[in-house]
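Residue numbers (our numbering): 1 to 303.
For reference, the structure discussed in these notes is given below.
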Amino acid sequence: MTQPSGWYDDPNDPTQVRYWDGVVWTDRTSPKLNPNVERSSIGSPSPTETGTGDASQESRGTGRPSPWSAPGQQAGGSHPQGGGPFRQGGDAYRPAPQYGRQGFYAARPTTPDGQPLSGWWRRVVARIVDGIIVALITIPFTFWAYGPVEDSAQRWVDDVLQAARAGSTQTPPIPGDVLRYVAIISAISFVLYGIYEVLLLSRTGSTPGRRLVGISVRLRDQPGPPPVRAMIERYLVKEGPVIVGMLPTIGIFASLFMLVNYLWPLWDPHKQALHGKLVKTNVVLGPQPRRGSRPDGSAAGHH
């Protein structure tokens, strides 16, 4: 199983922590917290009413864990190798603190219950992988149309070359057969991709491409696979412009919408695309618990 991305003990320097991106070690490092230097309490949650100040004792080197520490985190801020950026517990996903410069912790964007949000590039890679899979699935259903399209396209190319040799400045129009068959292929691909996406996301919250990069889709306010209706609406907004884009004039605006939609998570504070905002979903790191399971991932039994 791939180690989740996050800050871990530097294998080459025990005095440093280094960022693991989920695949390889990066060159981003930071000094470990000095257990003898008291941490700043600015912005930190106050101790519980039943607490006795144990949180401050950790920073003074007593070795007693702080209530705000990540699971398995040692006193002084060292995160053991093999830990993760978040964990499942009784209150769903609780984010582990992320190491920052000068020993301060930098929070990464999360869902309201604390599951970390996916970065943009993971989503891009997942989209490419899923697109390849759907293209392979589509070929048996559209193979019959490729021959006529190729023949019509070749005749059109010959007409263009002949017009150029004759000195004509007008390009022959694209044959209607080509446009018709391309529209049929696009419609079939659109339907198959919708079945692929809606079925898998509503059952597991993920697809093969998303599982490859360690992300999944969920409702922003509720963990678990999202409902079918929300996934249908999400898909129509996300992929519908592909079909609309084939229409004259209005297709330009559809293509522009698709571009803005895919880039929107880069600046959105909740890392949502426009289709995610419509149905209130988030793309997050990690899998989704199965329906009927407890927050810690175990199956719920009957009492």
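Where a beta carbon is used, it is the ideal one built from N, C-alpha and C, also for glycine.
Span of the beta strand (DSSP E) holding residue i?
i: L315; result: Given that the chain is displayed from residue 1 to residue 303, the structure contains no residue 315 and the question cannot be resolved.
i: D9; result: 6 to 9
By DSSP, does residue i sit in helix, in strand, or in coil?
i: Y193; result: helix
i: P31; result: strand
i: T26; result: strand
i: N12; result: coil
i: W20; result: strand
i: L247; result: coil
i: P116; result: strand
i: Q222; result: strand
i: T110; result: strand
i: A55; result: In this predicted model, A55 has a pLDDT of only 43, less than 50, meaning its place in the structure is not dependable; the value taken from the coordinates is given anyway. In the structure shown, A55 sits in a helix (DSSP, three-state: H, G or I).
So, residue i versus residue j, is the Cβ gap smaller than 8 Å?
i: R218; j: N261; result: no
i: A126; j: G209; result: yes
i: P148; j: V160; result: no
i: W120; j: P265; result: yes
i: D10; j: T29; result: yes
i: R122; j: V198; result: no
i: D113; j: P223; result: yes
i: G286; j: Y235; result: no
Considering just the uninterrupted stretch of the alpha helix (DSSP H) at residue i, what are its terminal residues?
i: Q170; result: From DSSP, Q170 is part of no alpha helix (DSSP H); its letter is neither H nor E.
i: L278; result: 274 to 279
Residues in its own chain within less than 6 Å of residue i by CB, not counting five upstream and five downstream?
i: V237; result: H275, L278
i: G205; result: S216, V217, R218, P225, Q288
i: L130; result: Rather than Leu, the amino acid found at residue 130 in this sequence is Asp. Correct list, in chain order: T207, G209.
i: G245; result: G251, A254, S255
i: L200; result: T207
i: A273; result: N261, W264, P265
i: R18; result: D10, W25, T29
Return the chain-ordered list of same chain residues with a C-beta closer than 7 Å to the C-beta of residue i, the five sequence neighbours on each side being excluded.
i: A145; result: Y181, I184, I185
i: F190; result: E239, V242, I243
i: W20; result: Q3, S5, G6, Y8
i: D177; result: P148, S152
i: I232; result: V198
Beta-carbon within less than 8 Å of residue i's beta-carbon, same chain only, minus the 5 sequence neighbours each way: which residues are those?
i: G167; result: none
i: L192; result: V134, I137, T138, F141
i: I188; result: T138, F141, T142
i: Y196; result: D130, I133, V134, I137, T207
Uninterrupted alpha helix (DSSP H) stretches inside the segment 112 to 162 (no shorter than 4 residues): none
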